[in-house]
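S.K.:
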Amino acid sequence: MADIVLETRGVTMRFGGVNAVDGVDFSLRRDELRCLIGPNGAGKSTFFKCLAGMLTPSAGEILIDGQETTGWHPHEIARLGIGIKTQVPSVMDGLSVRENIWLAALRVLGRQGADGAVADALERLDLGDLAARPVGRLAHGERQRVELGIVIAARPWLVLLDEPAAGMTADEIERLAAVIAEIGRQAAIIIVEHDMQFIRAIARTVTVFAQGRILMEDHVDAVMADPRVRDIYLGKKG
Amino acid sequence: MDLATVLIVEIFYSIAVLVVISAGLAVVFGMMRVINLAHGEFMMAGGYATIVAVNAGINIYVAMLIVAPLVVGLIGLVVERLVIRHLYGRLVDTMLASWGLSLVMIGLATMIFGNTTTGISPPIAGFAIGGYQVNGYNFFIIVVAALLLVAMYALLAGTRAGLVARGTMQRADMAAALGYSPDRVYMVTFFCGSALSGLAGGLLAPLVGLVPTTGGTYIAKAFITVISGGASIIVGLLSSATLFGLVSQLFTFAASPVVGEVALLVAAVVLLRLLPQGITGRFFRGRL
Amino acid sequence: MSGRPDIGATLAVLVVFTLLALVAPAVLETYTLTILLIYGLLAMSLGLVWGFGGILCFGQAAFYGLGAYSYAIAAINLGESTLPFVLGIVVPFLFAGVLGAMMFYGRLSDVYLGVITLVVTLIFFKFMNSTAGPEYAIGQARLGGFNGIPGYQTLNVPGDPDAYIFGDDFYYLVVAIVLVVYALLRWLLASPFGRVAVAIRENEARVELMGYDARLRKTALFAVGGAVAGLAGTLFANWAEIVTPGLFSLGQSAEIIIWCIVGGLGTLVGPFVGAMLLGYLKFALGQQALIDNTLVLGLVLVLSVLLLPRGVVPTLGQWAGLARRRRPRRAPRRRLRPARGGADG
Amino acid sequence: MTSRREFLAGSAALAASGLFAAVPGARAADPIKFGSILDMSGIFDAYGKPMDMAMRLAIDEINAAGGLLDRPVEVTAYDTQSDMALYTQFGQQLARRDKVDVVHGGILSASREAIRQTLRKSEVLYFYNVLYEGGVCDRNLFVTGVTPAQQVEIVVPAAIKKWGPKIYILAADYNYGQITARWMQKYAAEAGGEVVRTDFFPLDVADFGSTIAKIQSAAPDIVVSALVGGAHLSFYRQWAAAGMKPKIPMASTTLGVGNEHKVLTAEEGDGILVAYNYSPEIASPANERFLKGWTDKYGDTSLIHEIAVSNYQGVHVWAEGVRKAGTLDRDAVIAALTQGLSIDGPGGMVAIDPKTHHAVLDVHLMEFAGQKLKVLESFAQRQPVDTQGVCDLVANPDDNTQYEIKI
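Same order as they appear, the protein sequences are chains D, S, L and U.
The opening position of the first sequence corresponds to residue 2 in our numbering, with each subsequent residue numbered one higher.
The opening position of the second sequence corresponds to residue 91 in our numbering, with each subsequent residue numbered one higher.
The opening position of the third sequence corresponds to residue 2 in our numbering, with each subsequent residue numbered one higher.
The opening position of the fourth sequence corresponds to residue 13 in our numbering, with each subsequent residue numbered one higher.
1) Apply the 10 Å Cβ neighbour rule to Asp172(D) and answer buried if 16 or more other Cβ atoms are within range, or exposed otherwise.
2) Just tell me which of Leu269(L), Ile243(L), Thr35(L), Gly271(L) has its CA closest to the CA of Asp95(U).
3) For Tyr137(L), which residues from the same chain have a beta carbon less than 6 Å from its beta carbon, with the 5 sequence-adjacent residues on both sides left out?
4) Counting only beta-carbon separations shorter than 9 Å, does Leu362(S) have a partner in chain L?
5) Can you have a look at Ala215(S) and say buried or exposed, based on whether 16 or more other CB atoms are within 10 angstroms of its CB?
6) Kindly say whether Asn141(U), judged by its beta-carbon, lies nearer than 9 Å to any beta-carbon of chain L.
7) Where Asp183(S) and Glu69(D) are concerned, what is the direct C-alpha to C-alpha distance, given to the nearest angstrom?
8) Which ranges would you report for the beta strand (DSSP E) in the region 62–122 of chain L if only whole runs of at least 3 residues count?
9) Just reading off the alpha helix (DSSP H) that Met259(S) is part of, what are its end residues?
10) Between Arg209(U) and Met122(S), what straight-line distance do the alpha-carbon atoms span, to the nearest angstrom?
11) Helix, strand or coil: how does DSSP classify Met262(U) here?
12) Between which two residues does the alpha helix (DSSP H) harbouring Ser237(U) extend?
13) Cα separation between Leu108(S) and Lys311(S)?
14) May I ask you to list the residues that DSSP assigns as paired with Pro135(D)?
15) Can you tell me which residues form a DSSP beta bridge with Asp211(U)?
16) Applying a beta-carbon distance threshold of less than 7 Å, which residues of chain S neighbour Ala254(U)?
17) Please report the residue range of the alpha helix (DSSP H) in which Phe217(S) lies.
18) What alpha helix (DSSP H) runs, 4 residues minimum, are completely inside the region 174–218 of chain L?
19) Does any CB atom of chain L fall closer than 9 Å to the CB of Gly189(U)?
20) Do three or more CB pairs link the region 339–354 of chain S to the region 282–302 of chain S at distances below 8 Å?
21) Can you pull the chain D residues whose beta carbon is under 7 Å from the beta carbon of Asp214(L), in chain order?
22) If we cut at 9 Å on Cβ distances, does Pro366(S) have a partner in chain U?
23) Would you mind sorting Ile39(L) into buried or exposed? The rule is 16 or more other CB atoms within 10 Å of its CB.
24) Please decide whether Ser287(S) counts as near chain L, where near means a Cβ-Cβ distance under 9 Å.
25) Using three-state DSSP, classify Asp116(D) as helix, strand or coil.
26) Assign Lys274(U) to buried or exposed, taking buried as 16 or more other Cβ atoms, counted over all protein chains shown, within 10 Å of its Cβ.
27) What residues of chain U sit near Gly188(L), judged by a beta carbon separation below 7 Å?
28) What in chain S is Cβ-close to Gly221(U), meaning under 7 Å?
29) Between Glu280(U) and Met154(S), what straight-line distance do the alpha-carbon atoms span, to the nearest angstrom?
30) Taking C-beta to C-beta, are Gly319(S) and Thr279(S) nearer than 9 Å?
31) Residues of the region 293–327 of chain S with a CB closer than 7 Å to any CB of chain U: list them in chain order, please.
32) May I ask you to report which of helix, strand or coil DSSP gives His317(U)?
33) Of all the CB atoms in chain L, is at least one closer than 9 Å to the CB of Asn408(U)?
34) Closer than 7 Å between beta carbons: that is the criterion. Which residues of the region 121–155 of chain U meet it against chain L?
35) Mark Lys133(U) as exposed unless 16 or more other C-beta atoms lie within 10 angstroms of its C-beta, in which case mark it buried.
36) Kindly indicate which residue of Gln101(U), Ala126(U), Ala184(U) has the alpha-carbon position closest to the one of Ala285(L).
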């Protein structure tokens with residue numbers, strides 16, 4: 002059990018009369034990299050928001066590192082050492098790339114350690130040239146990278162990423178896969194993702210969501226081969 | 091017993107007044123997400139329009155119910171074209187610009203009419219409930235407020251124009267794709283909201299002494315009523331007006347007008363603390 | 002991080018301000034200058050909360066008035082000005098802290114925040130206006146209702162109630178206070194706390210996801226803004242020698258907001274300059290009867306929203322090419338974040 | 013024009029003693045600096061604008077008669093925009109920069125208190141020419157408006173005699189209303205009346221529905237009001253609209269000061285009992301001259317109201333004081349003013365009570381009739397007994413307090 006770093010029991014999120022997430026039991030091992038996939042409306046993003054503290058589940062509980070975090074605020078969850086990246090690039094547009102990343106590092110490492118972590122993150126994400134630019138003026142993919150920089154600069158041991166590859170060029174996706182693989186060496190990762198190619202490039206185990214529940218959980222190749230998965234993607238998404 | 095009846099009439103009246111003074115602001119805020127801080131001055135303009143019209147020999151009901159809304163609607167149209175149009179989607183900027191506008195209107199009214207209090211007399215005589223005399227005009231306001239709510243509901247829910255307007259507010263791009271010009275819809279909506287403000291000014295003109303700064307008395311109350319109501323225009327307006335009307339009138343009667351006003355304000359603070367999205371953010375969701 | 006470019010700019014501002022403050026009495030009377038500086042300080046308090054914290058407060062006048070009243074009431078009871086002076090800052094600071102905690106921990110969205118601050122100001126205004134009766138007294142101080150409180154001990158050299166600080170001395174004291182407050186606020190903004198506060202303005206959700214408690218920080222910033230406004234109120238009480246409920250009026254709140262807009266948000270100098278310019282304009286207009294003053298103020302506000310969305314000082318700065326030298330900060334925003342929640346349903 | 017000359021000749025005759033007094037010749041050309049500070053815009057401008065007009069009329073008359081001490085009088089006027097902070101500002105400006113010889117002005121009590129200390133400290137003589145709550149005791153200050161005792165002592169007993177003993181008081185919730193309400197209670201008791209209830213209203217209350225119901229359940233014989241300002245005017249309108257006017261009669265100490273009788277219709281206003289120093293209907297040569305002068309200068313006389321006339325009289329009282337003193341020296345002028353000086357103003361004779369520096373003046377009981385103030389009865393030379401009860405500047409020249417009158 003010491004192996005399990007994140008666990009949910011019967012997590013349910015109700016909006017009006019609809020259960021967007023419906024009794025999800027989920028667990029993640031230390032150093033595991035897990036992808037959550039599923040068609041639009043399957044509940045994976047809502048589930049992600051419950052994990053990140055951006056939504057409070059209507060029922061069920063969430064345990065992170067053995068600690069119950071149900072109903073915690075995002076900042077409290079982040080303080081456990083968890084890096085979170087949301088779906089739409091969430092960055093401070095008015096501040097420079099450097100400042101964005103520095104703020105993340107500052108909380109964890111203090112003023113002394115922050116500068117080093119910033120330099121490190123800038124280098125790993127190849128943002129060095131953009132460091133002084135205000136984030137609001139960057140392209141979409143670049144902003145995604147800045148947000149990743151924010152996440153890794155805080156040296157998390159568990160990373161939650163919601164569609165990190167959205168809007169990136171093929172080139173960028175390739176680099177992203179490398180960065181994620183590198184993060185994966187020090188941290189467990191949960192990625193919500195659409196891009197199957199990207200998932201193949203990074204993932205081992207994949208959890209498939211459909212209609213608010215977990216449809217199946219298996220190795221990426223097995224999932225891709227499963228007819229049910231094809232059905233929900235083809236049937237629902239056309 | 092008579093006193094209780096009188097008190098109930100006063101409560102209904104006070105709810106009706108809140109509905110009347112907030113309707114214009116509610117439409118503009120609810121439909122367009124524009125907070126028109128010149129709303130009180132629009133009312134003031136409606137009041138002056140009514141008084142000028144009555145003094146010019148026009149029938150008082152025509153002046154209140156037709157002249158005032160028309161005049162203020164037209165003022166609103168000009169304001170929308172000149173100022174508000176440039177600021178859609180910038181909530182705070184529209185708030186500030188309309189605040190500036192309210193100062194301009196106060197200044198203009200002062201230069202035109204002077205600061206001397208003016209007014210006209212109510213056209214309806216008082217009558218007795220048991221041993222008490224009540225203001226007959228109060229009933230008129232209650233009836234008008236009720237009709238106003240029904241008419242707004244019918245217009246928004248039952249007519250094509252209402253549907254187009256609501257559609258545009260939800261998804262301006264979609265409405266545009268369907269061939270409705272959002273620009274025009276905004277313009278018409280702002281005209282209607284302004285006309286409602288004018289109507290409120292006209293209706294209250296016989297009750298209160300009018301000075302150019304009269305608007306300030308109403309804007310805060312209207313603002314609080316609309317925001318506390320939340321996203322739904324009609325249900326929100328009615329529910330918060332009912333709550334605040336009841337609270338303020340009961341406290342006024344039990345203690346004094348100051349206590350009544352402070353009770354209203356405290357109720358607003360408590361309400362917003364408990365229901366940060368306003369009443370209809372929690373209850374009656376998705377209604378009009 | 003590197004607060005260094007700011008240090009240079011801050012020092013430059015301090016030096017220029019000091020020089021101007023020393024030259025100014027040759028042009029204008031010191032009592033006019035004093036009140037203009039007090040307005041500037043008040044504008045700076047909102048400039049801090051709004052321009053850097055992204056918190057639009059419609060009720061900055063509440064803290065201003067509270068500072069003035071706290072000072073006046075304490076001064077009547079104590080007869081010596083040192084402790085009242087401190088209370089004039091501490092009381093609004095605490096009040097803003099409590100009010101801020103209530104709002105930010107309640108996660109009120111911005112429009113509602115505006116309403117609450119407005120309503121609280123109105124409550125003060127209405128309450129203070131209805132305290133004319135003899136039953137409203139704190140110690141020996143009658144609240145006085147609409148007429149306010151006159152005749153309290155004004156500022157004296159600490160410990161010596163007969164050594165009044167007034168006239169030119171008071172002016173130089175206010176100059177010194179403005180310098181200190183400006184330097185302190187600059188330091189605060191350059192500190193990690195200030196950086197995070199600005200980041201919250203830019204993207205509160207992101208800052209929370211970084212593990213910062215935005216509620217606490219917004220509350221703290223709001224309280225600091227309240228303290229500065231309270232200080233301005235305290236100084237006003239000493240300048241005017243009377244405090245009235247008008248300090249709490251919506252008109253007063255409106256004026257502060259107008260100063261900030263005209264001067265420019267996102268800087269401390271902007272609101273300060275805006276307040277001094279418009280304050281002077283108001284006095285100048287008081288000496289003519291041609292145009293209604295309200296009209297002029299209104300026009301200034303409408304036109305500056307339409308034509309100078311960044312305000313005078315940042316726009317001038319841009320023209321002068323100053324903007325390039327500093328970090329190219331985006332136009333300080335007056336837009337509101339979309340309301341939280343709701344949209345998910 | 014001829015008539016104006018006649019009037020001016022009259023003024024000159026009145027001023028004769030001053031004109032022939034010896035004046036140091038060297039500064040004869042320097043104008044005397046007259047400071048005025050009034051709300052000429054903002055919510056109180058209905059009070060302030062006519063006051064400013066009246067002041068300028070008085071100064072024109074003085075200058076046309078050759079000025080004071082052979083020097084012309086020059087006005088420095090500030091508009092305080094109904095903003096109390098500007099009073100402090102302009103008060104200091106008048107005293108320190110403009111270095112005026114006298115300041116007339118202030119409308120609300122708060123505005124007076126905002127400048128009174130400044131002017132006292134800088135030894136600039138101050139005239140406050142407005143109807144107010146009474147009780148200010150300051151050697152540097154002269155008050156030429158009526159105070160509650162002067163009005164209430166007349167209007168309340170008259171109302172009780174006319175209508176009955178039970179009184180319901182409505183008053184504005186600030187110093188003036190609070191203090192005046194206490195005077196009403198005192199004079200009601202003395203006249204055998206009984207106050208059934210007193211309600212105070214903040215200045216911005218405009219909805220009196222509940223109040224009207226409350227008054228009815230108390231069933232008084234008379235309603236006496238000391239309501240103030242535009243919002244409160246709604247009361248009279250709502251009262252009439254509820255059909256209460258024929259049922260319970262009304263008296264007031266404030267209605268009409270801002271020309272409210274011209275705003276209310278005759279049906280709403282007729283029969284309301286008031287007592288003031290001035291009505292345009294007063295038939296006296298001084299008032300005819302005043303109205304004539306006003307018409308010549310401004311045309312329309314409809315703006316004239318009680319405190320505009322107080323201001324006009326205040327300026328003439330000061331001028332008379334300067335003439336008598338033969339100098340602008342503050343202490344000499346104060347001495348002259350307190351030694352039995354009087355002028356014949358539009359509202360009747362105005363003298364200064366040496367103990368309080370408040371005016372002794374004629375008070376007229378009037379009623380609203382057809383949007384006019386019809387004079388019913390005149391009471392000559394009423395003393396400011398309210399302030400006299402607490403203030404004696406002859407005995408305590410250094411007094412500097414606003415007394416709350418204990419009753």
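Don't be surprised by glycine CBs; every beta carbon is placed ideally from N, CA and C.
M.R.: Taking the geometry as given:
1) Exposed, since its Cβ has fewer than 16 Cβ neighbours within 10 Å.
2) Nearest of Leu269(L), Ile243(L), Thr35(L), Gly271(L) to Asp95(U), Cα basis: Ile243(L).
3) Leu144
4) yes
5) Label assigned to Ala215(S): exposed.
6) Not one chain L Cβ lies under 9 Å of Asn141(U).
7) 44 Å
8) none
9) 250–260
10) 49 Å
11) Looking at Met262(U) - three-state DSSP - the assignment turns out to be strand.
12) Run containing Ser237(U): none in the alpha helix (DSSP H); it sits in the beta strand (DSSP E), 234–238.
13) 8 Å
14) Ser97(D)
15) Leu182(U)
16) In chain order: Gly216, Gln223, Val224, Asn225.
17) From DSSP, Phe217(S) is part of no alpha helix (DSSP H) but of the beta strand (DSSP E) over 217–219.
18) 193–203, 205–210
19) Yes, because at least one Cβ of chain L sits closer than 9 Å to the Cβ of Gly189(U).
20) At 8 Å Cβ cutoff, the stretches do not touch.
21) His76
22) By this cut-off, Pro366(S) is not an interface position.
23) buried
24) no
25) Residue state for Asp116(D) is assigned as helix, using DSSP reduced to three classes.
26) buried
27) The question names Gly, but residue 188(L) is Trp in the sequence shown. What Trp188(L) touches in chain U: nothing, since even the nearest Cβ is about 31 Å away.
28) Glu100, Tyr103, Asn225, Asn228
29) Straight across, the Cα-Cα distance linking Glu280(U) with Met154(S) is about 20 Å.
30) Their beta carbons are not under 9 Å apart, which means Gly319(S) does not touch Thr279(S) by this criterion.
31) Leu297, Val298, Gly299, Val301, Thr303, Thr307
32) coil
33) no
34) Ser121, Ala122, Glu125, Ala126, Gln129
35) exposed
36) Gln101(U)
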